[in-house]
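Chains as they are written, first to last, in our numbering: chain U, -17 to 572; chain A, 201 to 457.
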């Protein structure tokens, strides 16, 4: 074998000029391939770590309450964050609230539609994230730490382009109009404390404000949150698994309010439970499971329906039509919460229903439940929760409705349509990976990769035709030599191996040269600034420069692919050479 | 002595009654009166024309047909202008609210914040909701009075403030100027949560339909973006019973065939 390697290597150096040209062509091909591959990885890096992560997070937990309009709110931030943190695993490098609003902004005589996004500057971020954030939103004036300043009225940082559009500079005031989470019109004043540069047109409309300031303006209370977004170390590998794990951990418990019910001077402790009266099947389940002693079932199961146990009704002197008051202690507010409701039906209690219980239609129950969320963990000791075997258990409401995991954006939309169709009054929680929440951005990555691959393959096809042609010429020139070495005893397979090894050596050296050239080209191209203005292609730039991300695996893969193609291409001419009879080869003359 | 006490009590009672008779009506009674004067109890069909003027976009005319039936909480809006919106529609049935796009012939679930036909009007502006269910009287922060008397031009009016008692209203604070002679609102100012004046509305003309007053010409002035204004004109009001088939998806689809 060593002998064959020596001959192959020597043959390679015999026709220096021809091999140099062929090697150069191959090196050029390799260079383009590595460049394209690194550019494609760069785009993926931009999309995954500089766009998707800010738009939807690699994994997101999206809560919502629907009362005609979708409220992006969860009433127990501490609990949700605890569950997510516990189940997210080691691949998570960051977890933050995703809060943002569309608004109308007025600068100095100019108006523009903008997006206001909250960032938490008070916490410590991973170094990699900070670097990526700086690459995406590079400050050219001001300091992010000023966003926390209490001496300035709602400090804000916006892009250079939008600052020019609104005709504002640092310390100028921007007036804003928006709708808070409940749909109420809200206005405010923002003070420009920083200007940033951003190549991504889609991100130029973003203004940053301190998260707590924004949440206050939007109507969140300190213990409430919007969506939670997770940033992963390797999103392509882990996003789906992390989303699945968090989804599995977010199974809701039963919803209830442990309250004191009063009517006049009478009072009694009771557990108030919601029934899903908007679902006809569940409504029927309730009708079949409860025996009314007073009132009508249709009233009791209507959207204002309140069913009270006969034991409780006796103690309070309640009849259908009586109004009772419910008082309970919320988890986060100091003041006791209260609400009134009219009793529509009185049922005969049994072991399943409990005797100190009130069953309330979901439309009546949930607004009160979420407005002043009770401390369920503490109250569970005193509350009556119907056993799993209760015939109407399936008709009772839970703390929230966990939306089924979707694998595509279409599935996710279908799930939400189903929730709307069923008129669920409980809050919803949706857990999504970037493959559902940002599928359009990811499709863009797929298309760009496909275009790059096609262009490279076309280029390589042209180069390989050159390889085949050169080998055929070499074989023709060396026909008599082949005859000689065959005559002195060299086997056919060794002849074939000589030619294949020769091509392999040439490809290897050309590949190494191509990789070196590619790195030089990347270095040079990265130095050139591109001022793309409003062009959406700015999405592909990092601070006005092309972003290449070569990977060891990618480069080795490229070289391996080229070697395989070259060897396979060389195999057929080499076999032809090996199959020549030595007598005919010796007779060959040109 | 006892006679003197009786005399004082008697005088006080008479004075209190006289003052009560002369005092302004309560803000709540004025709110109730607005509701009573304007509440249509029948089905409604009308044409609504919006003339929207924006400083950076010029004037835009938006015309639509509006059908409402309160017995099952339904309404339907069919766009007739501009040309780009013609045939599109919005259908509300109970808790469900759809937007129909005639070029794709598709229905999409939308929420109450949805802008109607590209105008500043939102779906919730077309819902029938009672003023007293949404707002409650509030005292003027300067004078401390609930209701004060003023002149709006030559017309004597009562002015009063209301604050939202539910979350899902457009404006958490409003101030009304209502005519003293008949209780109809002439002017309304809407404030943001932080107390900034956002919009002033003028109810310029009323017509009587089935004994109720309908503000057929209203002017909304955007106080946030100066120069923006929307004129709302309502015409062709009919209170005839509407066919059940109107409040269906099929009706909207058939219109664009």
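Heads up, the beta-carbon is just placed ideally off N, CA and C, and yes, glycines get one too.
For clarity, every value in this text was computed on a predicted model and none was experimentally measured.
Along chain U, in chain order, which residues have C-beta atoms closer than 8 angstroms to that of residue i?
i                     : result
residue 404 (chain A) : Chain U residues near residue 404 (chain A): none, gap ~23 angstroms exceeds 8 angstroms.
residue 398 (chain A) : 159, 167, 169
Alpha carbons only, please: which of the options is nearest the one belonging to residue i?
i                     : options                    : result
residue 193 (chain U) : U:186, U:183, U:180, U:208 : U:208
residue 379 (chain U) : U:237, U:254, U:314        : U:237
residue 438 (chain U) : U:16, U:-11, U:513, U:-6   : U:16
residue 561 (chain U) : U:498, U:534, U:461, U:489 : U:461
residue 387 (chain A) : A:375, A:445, A:398, A:395 : A:375
residue 332 (chain U) : U:189, U:366, U:350        : U:366
residue 428 (chain A) : A:418, A:340, A:257        : A:257
residue 137 (chain U) : U:467, U:120, U:99         : U:99
residue 6 (chain U)   : U:144, U:491, U:135        : U:491
residue 205 (chain U) : U:356, U:395, U:97         : U:356
residue 65 (chain U)  : U:233, U:376, U:381, U:494 : U:233
residue 188 (chain U) : U:153, U:144, U:149, U:231 : U:144
residue 542 (chain U) : U:454, U:494, U:271, U:507 : U:494
residue 423 (chain A) : A:274, A:433, A:255        : A:255
residue 44 (chain U)  : U:377, U:81, U:116         : U:81
residue 422 (chain U) : U:18, U:30, U:339          : U:30
DSSP three-state call for residue i: helix, strand or coil?
i                     : result
residue 131 (chain U) : coil
residue -11 (chain U) : helix
residue 57 (chain U)  : coil
residue 505 (chain U) : helix
residue 46 (chain U)  : strand
residue 564 (chain U) : helix
residue 221 (chain A) : Note that residue 221 (chain A) has pLDDT 44, beneath the 50 cutoff, so the model's placement of it is unreliable and the number below is only indicative. Residue 221 (chain A) falls in the helix class under three-state DSSP.
residue 216 (chain A) : For residue 216 (chain A), the predicted structure reports a pLDDT of 47, less than 50, and the residue's modelled location is therefore unreliable. The matter cannot be settled from this model.
residue 351 (chain U) : helix
residue 344 (chain A) : coil
residue 365 (chain A) : coil
residue 238 (chain A) : helix
residue 470 (chain U) : coil
residue 264 (chain A) : strand
residue 376 (chain U) : helix
residue 321 (chain A) : coil
residue 338 (chain A) : strand
residue 168 (chain U) : strand
residue 313 (chain A) : coil
residue 328 (chain A) : coil
residue 510 (chain U) : coil
Just mark residue i as buried or exposed, buried being the case when its beta carbon has 16 or more other beta carbons within 10 Å.
i                     : result
residue 258 (chain U) : buried
residue -1 (chain U)  : exposed
residue -9 (chain U)  : exposed
residue 78 (chain U)  : buried
residue 12 (chain U)  : buried
residue 392 (chain U) : exposed
residue 464 (chain U) : buried
residue -15 (chain U) : exposed
Could you name the residues of chain A that residue i contacts, counting a contact when the two beta carbons are closer than 9 angstroms?
i                     : result
residue 156 (chain U) : In chain order: nothing, as chain A lies at least about 12 angstroms away.
residue 22 (chain U)  : Simply none; closest approach about 34 angstroms.
residue 343 (chain U) : Correct list: empty, because the minimum Cβ distance to chain A is about 13 angstroms.
residue 93 (chain U)  : 255, 256, 425
By the criterion of Cβ-Cβ separation under 7 angstroms, what are the contact partners of residue i in chain A?
i                     : result
residue 389 (chain U) : Neighbours of residue 389 (chain U) on chain A: none; closest Cβ ~21 angstroms, over 7 angstroms.
residue 399 (chain U) : 309
residue 405 (chain U) : 295
residue 410 (chain U) : The premise fails here: residue 410 (chain U) is roughly 14 angstroms from chain A at the closest Cβ pair, so nothing lies under 7 angstroms.
Going by the C-beta, is residue i closer than 7 angstroms to any heavy atom of the ligand MG?
i                     : result
residue 347 (chain A) : No copy of the ligand MG appears in this structure; indeed no ligand is present at all.
Please list, in chain order, the chain U residues whose beta carbon lies closer than 9 angstroms to that of residue i.
i                     : result
residue 371 (chain A) : 166, 167
Since residue i meets chain U, which of its residues come closer than 7 angstroms, beta carbon to beta carbon?
i                     : result
residue 393 (chain A) : 162, 166, 168
Along chain A, in chain order, which residues have C-beta atoms closer than 8 angstroms to that of residue i?
i                    : result
residue 88 (chain U) : 424, 425
Three or more C-beta pairs closer than 8 angstroms, one from the stretch 107 to 119 of chain U and one from the stretch 52 to 69 of chain U: is that the case here?
Taking 8 angstroms as the limit for Cβ pairs, the verdict is that the stretch 52 to 69 of chain U does not touch the stretch 107 to 119 of chain U.
Okay, do the stretch 539 to 553 of chain U and the stretch 476 to 483 of chain U touch, 3+ Cβ pairs below 8 angstroms being the bar?
yes
Is there contact here, the stretch 84 to 95 of chain U with the stretch 236 to 250 of chain U, by at least three beta-carbon pairs under 8 angstroms?
no
Three or more C-beta pairs under 8 angstroms: does that hold for the stretch 410 to 419 of chain U against the stretch 280 to 298 of chain U?
no
Segment contact, 8 angstroms Cβ cut-off, at least three pairs: the stretch 322 to 331 of chain U with the stretch 271 to 286 of chain U:
yes
Please determine if the stretch 63 to 73 of chain U and the stretch 163 to 179 of chain U are in contact, where contact requires at least 3 C-beta pairs separated by less than 8 angstroms.
no
Touch test, the stretch 381 to 397 of chain U against the stretch 214 to 229 of chain U, Cβ-Cβ under 8 angstroms, three pairs minimum:
yes
Please confirm if the stretch 335 to 344 of chain A is in contact with the stretch 359 to 370 of chain A, defined as three or more CB-CB distances below 8 angstroms between the two stretches.
Yes: at least three Cβ pairs fall under 8 angstroms.
Spell out a yes or no on whether the stretch 306 to 324 of chain A and the stretch 343 to 350 of chain A are touching, meaning 3 or more CB-CB pairs, one atom from each, closer than 8 angstroms.
Short answer: they don't touch.
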